[in-house]
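A.B. asks: The opening position of the sequence shown corresponds to residue 431 in the working numbering, with each subsequent residue numbered one higher. I have a structure I would like to understand better, so I am pasting it below and will then ask my questions one at a time.
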Amino acid sequence: MVVAESGRDVRLGLSKVSDAEVMELYGSTVLPINYIEPPPGRPEARMVQLADLFSLPEMCLMCQVTDLFIQQNIDFQPAVLFTDVRNAIGSIHPLMHGIVGRDPAYYMEESPDLVRYLDRLVHHGRRLFLVTNSPFDFVNRGMNFLVGDDWRDRFDLVIVEAKKPKFFTQWSSPLRRYDLETKSKTWSQVTKIEKGEVYCEGNVRQLQQLTGWAGGNVLYFGDHPYTDLADVRLHHGWRTGAILWELDHEISILNRPEYKENSNWLQQLQQLIEGEQNELRRPENRAVLERWEAERDQLRLYTKTIFNHQFGSLFRTHHNPSYFSRRLFHFCDLYTSSISNLLDLHPSHVFFPRRGALPHEYRSMFV
Numbered sequence: 431m432v433v434a435e436s437g438r439d440v441r442l443g444l445s446k447v448s449d450a451e452v453m454e455l456y457g458s459t460v461l462p463i464n465y466i467e468p469p470p471g472r473p474e475a476r477m478v479q480l481a482d483l484f485s486l487p488e489m490c491l492m493c494q495v496t497d498l499f500i501q502q503n504i505d506f507q508p509a510v511l512f513t514d515v516r517n518a519i520g521s522i523h524p525l526m527h528g529i530v531g532r533d534p535a536y537y538m539e540e541s542p543d544l545v546r547y548l549d550r551l552v553h554h555g556r557r558l559f560l561v562t563n564s565p566f567d568f569v570n571r572g573m574n575f576l577v578g579d580d581w582r583d584r585f586d587l588v589i590v591e592a593k594k595p596k597f598f599t600q601w602s603s604p605l606r607r608y609d610l611e612t613k614s615k616t617w618s619q620v621t622k623i624e625k626g627e628v629y630c631e632g633n634v635r636q637l638q639q640l641t642g643w644a645g646g647n648v649l650y651f652g653d654h655p656y657t658d659l660a661d662v663r664l665h666h667g668w669r670t671g672a673i674l675w676e677l678d679h680e681i682s683i684l685n686r687p688e689y690k691e692n693s694n695w696l697q698q699l700q701q702l703i704e705g706e707q708n709e710l711r712r713p714e715n716r717a718v719l720e721r722w723e724a725e726r727d728q729l730r731l732y733t734k735t736i737f738n739h740q741f742g743s744l745f746r747t748h749h750n751p752s753y754f755s756r757r758l759f760h761f762c763d764l765y766t767s768s769i770s771n772l773l774d775l776h777p778s779h780v781f782f783p784r785r786g787a788l789p790h791e792y793r794s795m796f797v
């Protein structure tokens with residue numbers, strides 16, 4: 431298990447791998463980009479990115495099983511173990527759907543703001559659609575709890591069992607109607623979209639042909655930057671929004687007075703070291719430089735571990751955006767912890783990106 435931003439944070443099972451072992455394995459403590467992004471001519475990267483909520487039990491199980499095999503001296507192939515664990519996690523979805531569907535109140539939080547936001551969009555003439563990989567029964571139970579038994583009245587199109595990301599990349603699977611009475615898929619060709627009906631499978635090309643929704647006129651929200659957002663943003667020109675529940679935790683820490691104070695002082699201290707480094711390297715000033723650098727290192731550690739003691743912030747690695755953030759910014763136009771955060775904004779609200787100074791640009795008090 432490797433943190434993408436740092437080859438120094440490598441774990442074998444539950445144990446941290448030493449820098450010497452990392453150097454022996456990878457030849458560097460900086461992870462080459464082609465380990466996580468496939469180079470030209472290669473269909474897959476050497477490593478698999480784990481970037482959603484399903485990744486949490488997946489990572490825990492892989493680490494624990496790896497640790498057990500090592501302790502019991504059981505020979506194993508890591509690639510085979512990864513495949514088995516991933517298949518095992520995928521196989522429990524029907525069981526999970528049944529457990530959650532029987533008692534949605536135990537697993538879900540009511541959100542009156544979500545209902546008000548959906549109603550507001552409908553009131554202003556926005557057309558809503560839902561595309562999900564989950565089966566209808568599970569979706570229906572959850573939406574009945576969150577929105578109400580009339581939830582389908584708010585949506586112009588509902589597609590279940592969509593098989594994303596193939597839904598966005600392959601055109602061979604046609605859209606099918608789901609019969610609510612028999613709870614089965616029909617065989618007749620879908621030639622038009624009817625509000626109140628439920629559809630399954632299909633592909634984004636057929637969706638666009640039947641609805642006329644295309645390009646920048648569509649804003650599509652998803653909770654997985656790759657499965658949900660990447661293809662529709664890069665290949666179909668949709669506007670995209672990411673739902674990231676971790677934002678609430680991050681923002682609550684960013685707003686703490688002690689974090690603001692330490693973060694500001696860290697930046698000031700780095701500027702002092704950078705601006706005075708030539709003078710500070712003189713023998714008579716060496717002790718001052720060492721004290722400043724030691725304090726800087728403590729502040730860097732504090733501003734990292736306050737978010738997560740093991741891995742730091744999801745969105746930042748010290749002064750740089752994390753690999754996850756860079757990919758996120760590439761695939762989505764906006765991101766938020768909950769779609770209901772947009773409730774107070776008019777449906778025609780336009781977001782303007784902040785202007786940031788590039789390394790070679792003058793940084794004013796406003797930029």
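Positions of the beta carbon are idealized from the N, C-alpha and C atoms, including for glycine.
Go to T670, then tell me how far its beta strand (DSSP E) extends in each direction, as first and last residue.
C.D. replies: Its beta strand (DSSP E) spans residues 669-673.
A.B. asks: What residue from H527, A672, K596 has the CA that sits closest to V569's CA?
C.D. replies: Comparing Cα positions, the closest option is H527.
A.B. asks: If you follow the beta strand (DSSP E) that T766 is in, where does it begin and where does it stop?
C.D. replies: From DSSP, the beta strand (DSSP E) with T766 extends over 764-766.
A.B. asks: Taking the alpha-carbon of F484 as reference, which of F506, R516, G642 has the nearest alpha-carbon?
C.D. replies: Out of F506, R516, G642, R516 has the C-alpha closest to the C-alpha of F484.
A.B. asks: Could you please give the first and the last residue of the uninterrupted beta strand (DSSP E) stretch that includes L649?
C.D. replies: Looking at the DSSP string, the run of the beta strand (DSSP E) that includes L649 is 649-652.
A.B. asks: Any idea what DSSP makes of R663, helix, strand or coil?
C.D. replies: Looking at R663 - three-state DSSP - the assignment turns out to be helix.
A.B. asks: Considering only the beta carbon of each residue, do L664 and Y765 sit closer than 8 Å?
C.D. replies: Contact flag unset, no.
A.B. asks: Write down every uninterrupted run of the alpha helix (DSSP H) in the region 490-539 whose length is 4 residues or greater and which is fully enclosed by it, in chain order.
C.D. replies: Segments of the alpha helix (DSSP H) lying fully in the region 490-539: 508-521, 523-532, 534-537.
A.B. asks: Measuring only the C-alpha atoms, how far is L548 from T735?
C.D. replies: Each residue's alpha carbon lies about 38 Å from the other.
A.B. asks: Measuring CB to CB, does L576 end up less than 8 Å from S541?
C.D. replies: Cβ distance < 8 Å, so L576 and S541 count as in contact.
A.B. asks: Taking just the CA atoms, how far does Y650 sit from R607?
C.D. replies: Taking the straight line joining both Cα atoms gives about 22 Å.
A.B. asks: Is the distance from the Cβ of V561 to the Cβ of F597 below 8 Å?
C.D. replies: It is a contact, given that the beta carbons lie within the stated cut-off.
A.B. asks: Kindly give me the distance between the Cβ atoms of S684 and C762, rounded to whole angstroms, as I take these residues to be in contact under 8 Å.
C.D. replies: A small correction: the amino acid at residue 684 is Leu; Ser does not occupy that position in the sequence shown. 20 Å between Cβ atoms; not a contact.
A.B. asks: Should the region 687-705 be called in touch with the region 779-793, which here means at least 3 C-beta pairs below 8 Å?
C.D. replies: Not touching, per the Cβ criterion.
A.B. asks: Find the nearest neighbour of G632 within the set W617, G667, A592, judged by alpha-carbon distance.
C.D. replies: G632 has its Cα closest to that of A592, out of W617, G667, A592.
A.B. asks: When DSSP builds the beta bridges, which residues end up paired with D609?
C.D. replies: In the DSSP output, where bridge partners are listed per residue, D609 has S614.
A.B. asks: If you follow the beta strand (DSSP E) that L560 is part of, which residue opens it and which one closes it?
C.D. replies: It spans 559-561 - the beta strand (DSSP E) in which L560 sits, taken as one unbroken run.
A.B. asks: Classify R441 as helix, strand or coil using the three-state DSSP reduction.
C.D. replies: Correct three-state label for R441: strand.
A.B. asks: Does the separation of the CB atoms of C630 and V662 fall below 8 Å?
C.D. replies: Not in contact: C630 and V662 (Cβ atoms no closer than 8 Å).
A.B. asks: In chain order, what are the residue ranges of uninterrupted alpha helix (DSSP H) at least 4 long that sit wholly in the region 716-773?
C.D. replies: Complete alpha helix (DSSP H) runs here, min 4: 716-735, 753-761.
A.B. asks: Where does S752 land, buried or exposed, given buried means 16+ other C-beta within 10 angstroms?
C.D. replies: Counting Cβ neighbours within 10 Å, S752 comes out buried, since at least 16 surround it.
A.B. asks: Identify whether I589 lies in helix, strand or coil by the three-state DSSP scheme.
C.D. replies: Residue state, collapsed to three classes: strand.
A.B. asks: Taking the alpha carbon of L729 as the reference point, which residue from E688, E709, F741 has its own alpha carbon closest?
C.D. replies: Nearest of E688, E709, F741 to L729, Cα basis: E688.
A.B. asks: For S682, which option in P524, G705, S767 has the closest C-alpha, if you only look at C-alpha atoms?
C.D. replies: Nearest option by C-alpha distance: S767.
A.B. asks: Less than 8 Å between the C-beta atoms of L587 and I623, yes or no?
C.D. replies: Result yes, Cβ atoms of L587 and I623 sit closer than 8 Å.
A.B. asks: Going by Cα to Cα distance, which pick from R711, V495, L758, F741 is closest to Y656?
C.D. replies: It is L758 whose Cα lies nearest to the Cα of Y656.
A.B. asks: Using the beta-carbon count (16 or more within 10 Å), is F754 buried or exposed?
C.D. replies: F754 comes out buried.
A.B. asks: Relative to the alpha-carbon of D845, which residue among G671, R546, R686 has its alpha-carbon at the smallest distance?
C.D. replies: Past the edges of the chain, shown from 431 to 797, lies residue 845, and the structure says nothing about it.
A.B. asks: Tell me, to the nearest whole angstrom, how far the beta carbon of R557 is from that of P777; I am working on the premise that it is less than 8 Å.
C.D. replies: About 11 Å; that fails the 8 Å criterion.
A.B. asks: Between Y537 and P604, what straight-line distance do the alpha-carbon atoms span, to the nearest angstrom?
C.D. replies: Taking the straight line joining both Cα atoms gives about 33 Å.
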